[in-house]
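Quick note, the sequence shown lines up with residues 1021 to 1148 if you use the working numbering.
Even for Gly, the Cβ is constructed at its ideal location relative to N, Cα and C.
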Amino acid sequence: MPDRTPAVEAAVEAELRLLDPDVRVSPELFGALLHPEFTEFGASGTCWDRASIVRVLTASKDPGTAPVTPSRMRGVQLADDLVHLTFDTDSGGRRAHRSSLWRRTANGWQLWFHQATPFSDGAKRDAG
1021 MPDRTPAVEA AVEAELRLLD PDVRVSPELF GALLHPEFTE FGASGTCWDR ASIVRVLTAS
1081 KDPGTAPVTP SRMRGVQLAD DLVHLTFDTD SGGRRAHRSS LWRRTANGWQ LWFHQATPFS
1141 DGAKRDAG
């Protein structure tokens, strides 16, 4: 994506921080990246709010052995304070298409909405 705006770059950087194993075990670091009104439709089918996702993802102080590897990350700036990212992840063979909406706030860029849809190698993805 050669023409990334500064807003898209900031959202990508924040998304990558969210995937960092050290951030994912810290309620303070992880929670700081989530908007107070955060909502997620997870790959499991669960609907999460900010408090529940912080509690579940940071419950273990061990980042685990299966890192989350992102690929095909693309972004578009929808407004001065809103960026939409799409990308895929692989975590120990569990793959998902992902969509994130990042909002610029007084506290910096925060994830406002996220959705993950599991897929397998047989699933086709439009190159879009």
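message: Which of the three DSSP states is assigned to PRO1087 in this structure?
response: By 1-based counting over the sequence shown, the position of residue 1087 is 67. The answer is coil: DSSP assigns PRO1087 none of H, G, I, E or B.
query: Contact between the segment 1031-1044 and the segment 1092-1104: three or more CB pairs below 8 Å?
result: yes
field: Neighbourhood of LEU1038 by C-beta distance below 6 Å, restricted to the same chain and skipping five residues each side
entry: Along the sequence shown, read from residue 1 onward, the residue named residue 1038 stands at position 18. Taken in chain order, the residues that qualify are LEU1053.
field: Beta-carbon proximity list for HIS1134, same chain, < 6 Å, skipping 5 on both sides
entry: In the sequence shown, counting from the first residue as 1, residue 1134 sits at position 114. So the list reads GLU1060, SER1120, once near-sequence residues are dropped.
query: Does DSSP put ALA1027 in a helix, in a strand, or in coil?
result: Your numbering for residue 1027 matches position 7 in the sequence shown. Correct three-state label for ALA1027: helix.
message: Taking 7 Å as the cut-off, is the beta-carbon of PRO1087 closer than that to any non-hydrogen atom of the ligand ADP?
response: Ligands in the displayed structure: none, and consequently the ligand ADP is not present.
- prompt: Looking at the structure shown, is SER1140 part of a helix, part of a strand, or coil, going by DSSP?
  reply: The residue given as residue 1140 occupies position 120 in the sequence shown. Looking at SER1140 - three-state DSSP - the assignment turns out to be coil, as it is neither helix nor strand.
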